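Structure first, then comments.
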Amino acid sequence: MARGALLLHVSALLAWVASPDSGSARCVHDMVQPSHAPTVVLSYAQPPPPRPSSSQPRGAFRAATTAGGGQQDARPMRIHVELLAEELGGLQAEESRRLQASVQAAVRRVSELLAVIPVSGPLRLSRTPSKYCKSFWPQSYENGGKCSTLDSRYTGEMCLEAKIPEEHLLGYSTWGSSGSGVEIRGDGPGVLDSDFILYVRAADTLRCAAGVTAYAAYCQLDQVDRPVAAAATFCPASLRGDAFNSESTALAVIHELFHALGFSKDLYSKWRDCSDSALALGRDCSPRAQVTNEDAHGQQRVFTPAVLRAVQHLLACNSSECGGVLEDADGSSVASSHWEARALQGSIMTASLGAPGLVLVDTVTLAALEDTGWYRVNYSRAEPLVWGRGQGGDFGLVSTCSTPDSPFFCQGSGLGCHYLHLHKGRCDTDSFLNGCRIYKPLVSKGECWLEANAPSVAERNSTGEVYLSNSRCFFSNLSRQGVPSNSSGLLGRCYAHRCLGEEQVEVRVGDSGWTPCPAGSSIKVSRICCHGLWSGCDLRWTMSFVEDQTQGSCVLGL
């Protein structure tokens, strides 16, 4: 294809997004999480004496304290995965292998991200007296409040829908009105070298509707309200045949683990403020005065310190009102356990997860886990969000998402580019966007980087499209001279690009050579005009191409 034979109109911003489309995984955590969880008193490693802040170690993990607060020696979180064999029997061998591999991948990732003060000795879970005991001694007796008669119907303890092994539980006894008790069962051996237990089962439950891969809930807390046990149920259909995707499943597990570890509306009231404590990460810390509050637009936000800093940095917003927006798909003003999709597209903790590569374990979510007061966070392993970057405090509001020149939202239902520009997309909405519209990746053959998606030679010759690993989506009305165009508007097209360094990019159309597009300048080569819209030359960003045919000069456009 000869250079000079093409007209190209493109504008692009590159970003990373989790797109709630028909292929997304949905979360039902708020539907399954019980409002109450029993407490177990655990033994923890004794911290060393607090040191002056100037002598604190500077490891990868950041403590959940201010610079002047005390710190402890935390360790990467040890998560014990208990596969309940009797509840995996319905899976084929390959399905079971897939489940185990996905869970272990997620657990490794979470352990890289979070650190806790380690549990000392075995981790044992508590029993619920009202379940195993039929009657209790009145308080007027020496053994008042203790179990006098067992309930013959007692069969053990549950964690959501999972049966907790007896080996993991503390023992229990019955008592006379005075004196020593009679041990019915002694303490189990518990789980060694563990700070958290995840029970895993697979079952086709009523919650396994379309789009649900798995769901989880915490079931026991320690004496400072940190969750120490949870159960995850996997829907078997998501593990079978072509429906299974290892990366998607691992992301779903991370999402559910984050709920179980503290990102849950039923735990907001238990988050701890450790900023003034000499013993951080839960102990000797006071409950946070208020985690969520309603903003001026009637939507709930998280206003804790680390979350506020993370959102302010993302949006370039100095206002104290720039907290983390919580999802309100049902239109209520009640806090939810997910970020608002309009405000934090791409976050691992939105209510609907997109395809692998479009979902981020992001800094705002890690900031929320830091603000629980239970964890030290490894921000060096976070993936920074780009959605809404630098857009200010009003970004993502229903009242502002229809702005015609928005680089993140769209209008109508036309074809264009998903804002990460790895995929072609269609402008659409869903129940989580409250009427706002975004370019969602096409369900089929939308990946520009997948060579197998390349159209016929004739079509490629007419549009100059290139499908290679380094191709990205651009808005274009490009057509070969002399070949009638099917559309006068801009459509999503795939062209090769490469980054040569910071703010140095080139583009290739068809079999033409590479055309440089310096950031912040305007060039005209073979009737291709380039303007740099930059925040760095990497896989998240690319340039804007547009030509004003009416005036015959290059102008910046979207």
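Per my numbering, the sequence shown starts with residue 826, numbered consecutively. Ideal Cβ positions, reconstructed from N, Cα and C, are used throughout, including at glycine. Computed from a predicted structure; not experimentally measured.
Quick check on residue i: buried or exposed, where buried means 16 or more other Cβ atoms within 10 Å of its Cβ?
i: T1228; result: exposed
i: T953; result: exposed
i: S1296; result: buried
i: S1145; result: exposed
i: L1178; result: buried
i: D1029; result: exposed
i: I1009; result: exposed
i: K1270; result: exposed
i: N968; result: buried
i: N1259; result: buried
i: S879; result: Confidence in S879 is poor, its pLDDT being 36 and thus under 50, which makes the residue's placement unreliable; the coordinate value appears in the next sentence. Looking at its Cβ environment, which holds fewer than 16 other Cβ atoms inside 10 Å, S879 is exposed.
i: D1230; result: exposed
i: A781; result: A question about residue 781 goes unanswered here, because the residues of the chain that appear run from 826 up to 1383.
i: A1180; result: buried
i: D1020; result: buried
i: R883; result: Unreliable positioning characterises R883 in this predicted model, as indicated by a pLDDT of 37, which lies under 50. A coordinate reading is not provided.
i: E1276; result: exposed
i: L1245; result: buried
i: V1159; result: exposed
i: D1018; result: exposed
i: G1087; result: buried
i: Q1124; result: buried
i: D1153; result: buried
i: H1248; result: buried
So if DSSP puts residue i in a beta bridge, which residue, or which two residues, is it bridged to?
i: R1126; result: N1118, V1150
i: Q929; result: Bridge partners of Q929: none, in fact.
i: P901; result: A940
i: V1025; result: L908, A1057
i: F1300; result: G1317
i: H1322; result: V1332
i: P1280; result: The partner list for P1280 (beta bridge, DSSP) is empty, contrary to what the question assumes.
i: P919; result: Here the sequence assigns Glu to residue 919, which means Pro is not the residue at that position. Paired residue(s): none; E919 is not in a bridge.
i: L924; result: In DSSP, L924 forms no bridge with anything.
i: W1164; result: L1151, T1175
i: T864; result: L1046
i: E1272; result: H1248
i: P1341; result: E1331
i: Y869; result: V944
Which residue from the options puts its Cα closest to that of residue i?
i: A1135; options: K1095, G1149, A910, C1261; result: G1149
i: I942; options: R1065, A1041, L867; result: L867
i: G1011; options: E992, D1018, V1025, Y1244; result: E992
i: R1097; options: A1055, T1074, D1050; result: D1050
i: N1203; options: V1186, V1025, L1210; result: V1186
i: H1122; options: T1225, G1215, S1287; result: T1225
i: T1074; options: Y1264, R922, A862, S936; result: R922
i: Q1329; options: Y1320, C1319, T1340; result: T1340
i: S973; options: S1003, L1169, L1139; result: S1003
i: R1214; options: F1300, R1167, G1182; result: R1167
i: Y869; options: I1263, V1211, Q1125, Q1048; result: Q1048
i: H861; options: I1263, C1044, A1035, F1233; result: C1044
i: V1053; options: R1032, V1282, S1089, L1023; result: L1023
i: L1031; options: L1240, A1176, M856; result: M856
i: A930; options: L1315, N1070, A910; result: N1070
i: G1317; options: C1142, R1323, V1291; result: V1291
i: Q1137; options: L950, T1288, Q1216, F1300; result: Q1216
At a Cβ threshold of 8 Å, is residue i touching chain C?
i: H905; result: In the structure shown, chain C does not exist; there is a single protein chain.
Run the proximity test for residue i: is its beta-carbon closer than 7 Å to any non-hydrogen atom belonging to the ligand ADP?
i: A1035; result: This structure simply doesn't include the ligand ADP, nor any ligand for that matter.
What alpha helix (DSSP H) runs, 4 residues minimum, are completely inside the stretch 1184 to 1218?
DSSP runs (the alpha helix (DSSP H)) wholly in the stretch 1184 to 1218: 1188 to 1196.
Using 8 Å as the cut-off, can you tell me whether the stretch 1190 to 1200 makes contact with the stretch 1252 to 1259, which would need three or more C-beta pairs spanning the two stretches below that distance?
no
Using 8 Å as the cut-off, can you tell me whether the stretch 1281 to 1298 makes contact with the stretch 1213 to 1230, which would need three or more C-beta pairs spanning the two stretches below that distance?
no
How about the stretch 1032 to 1044 and the stretch 1076 to 1094: do they share at least three Cβ pairs that are nearer than 8 Å?
yes
Starting from the N-terminal side, write out each stretch of the beta strand (DSSP E) that is 3 residues or longer and does not extend beyond the stretch 1233 to 1265.
1240 to 1242, 1249 to 1253
Just list the beta strand (DSSP E) runs in the stretch 949 to 1012, keeping only unbroken ones of 3 residues or longer that don't cross its boundaries, in chain order.
958 to 961, 972 to 975, 997 to 1000, 1006 to 1010
Contact between the stretch 961 to 980 and the stretch 913 to 921: three or more CB pairs below 8 Å?
no
Fully enclosed by the stretch 1036 to 1115, which alpha helix (DSSP H) runs are 4 residues long or longer?
1071 to 1086
Below 8 Å, how does it come out for the stretch 1052 to 1071 and the stretch 1106 to 1123: are there three or more Cβ pairs, yes or no?
In short, these stretches do not touch, since the Cβ pair count stays below three.
Report yes or no: do three or more beta-carbon pairs, one from the stretch 1123 to 1130 and one from the stretch 1206 to 1216, lie closer than 8 Å?
Contact between the stretch 1123 to 1130 and the stretch 1206 to 1216 is absent, with fewer than three C-beta pairs closer than 8 Å.
Any contact of the stretch 899 to 906 with the stretch 970 to 990, i.e. 3+ C-beta pairs under 8 Å?
No: the two stretches stay apart, fewer than three of their Cβ pairs being nearer than 8 Å.
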